[in-house]
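Below you'll find the structure, written out as structure tokens, and then a few comments.
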Ligand code: DX5
């Protein structure tokens, strides 16, 4: 068991590519090493894929104490915030691209009102300058290193510079927000992502599609920076 509190970064395991015929077993495999479980909710409109929703959050909440991040890759997220929180989400992540800026701020405030962490996700082609005004209102910024919709995609290399840019802004202005990165993360790019300033790695297929899930998650949880 890795001593999670001593780590200088955190690991969020995405279940998108888990074996859903044995979901409880899949959760047990990663429990000793995961700081969060990320539940990738897709509506087939905001992204070109449909995944799962509130029943899966409820089911996972009933079998683990690992905090759950609901990553809402959906249109009109404000309609579902309370449902995902009532289902057991510890953090709600909405996409900047899913709503107007005014609405984004209102949704963030609503999430915080329920005492739940609020995350804002940005796609690879969304300029950093578009979201700097939100940084002081959120708990984490999720920088997508793939265009959302599927697990197992290729990491977009320009992400490294985007992380460094945000890290400079956060550190210069002493803003208390974590940088989370999601998409195409593997053992060949994770160290560089952490050196660039990432606080939370989201890893899905590199864990669940590996030949040894337990070995893979253990490796991702013990990267020397
Ligand atoms: C967006 C999803 C994925 C998933 C992790 O498509 O958010 O990024 O979390 O995917 P991989 O398999 O690339 O770690």
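Residue numbers (the working numbering): 9 to 233.
C-beta atoms are modelled at their ideal positions from N, C-alpha and C, and glycine is treated no differently.
A direct Cα-Cα distance of roughly 7 Å separates residue 116 from residue 145. Short of 7 Å from the beta carbon of residue 64, and not among the five residues preceding or following it, lie these beta carbons of its own chain, in chain order: 47. Distance from residue 192 to residue 173 at the Cβ level is roughly 19 Å; contact not present, criterion being Cβ atoms closer than 8 Å. In this structure, the straight-line span from the alpha carbon of residue 42 to that of residue 31 is close to 15 Å. Buried is the label assigned to residue 77, since at least 16 other Cβ atoms lie within 10 Å of its Cβ. Listed in chain order, the non-local C-beta contacts of residue 71 below 7 Å within the same chain comprise 32 and 35, local neighbours out to five positions each way being set aside.
Assigned with DSSP and collapsed to three states, residue 161 falls in coil, not helix or strand. In this structure, the ligand DX5 has a non-hydrogen atom nearer than 7 Å to the beta-carbon of residue 161. When C-alpha distances from residue 60 are compared across 125, 79 and 232, the shortest belongs to 79.
Looking at the backbone, the Cα of residue 55 and that of residue 82 are separated by about 7 Å. A direct Cα-to-Cα measurement between residue 26 and residue 139 gives close to 32 Å.
The residue among 156, 152, 112 and 67 with its C-alpha nearest the C-alpha of residue 141 is 112. At a threshold of 7 Å, residue 156 counts as near the ligand DX5, since its beta carbon sits closer than that to one of the ligand's heavy atoms. Nearest to residue 207 by alpha-carbon distance, out of 231, 214, 223 and 225, is 231.
Positions of the beta strand (DSSP E) runs, each at least 3 residues long and wholly inside the segment 42 to 100, are given as 44 to 50 and 76 to 81 in order along the chain. Taking every protein chain shown into account, the CB of residue 197 has 16 or more other CB atoms within 10 angstroms, so this residue is buried. Among the bridge pairs identified by DSSP, residue 103 is matched with 129. Excluding five sequence positions before and after residue 18, the CB atoms of its chain that fall closer than 6 Å to its own CB belong to 43 and 208, given in chain order.
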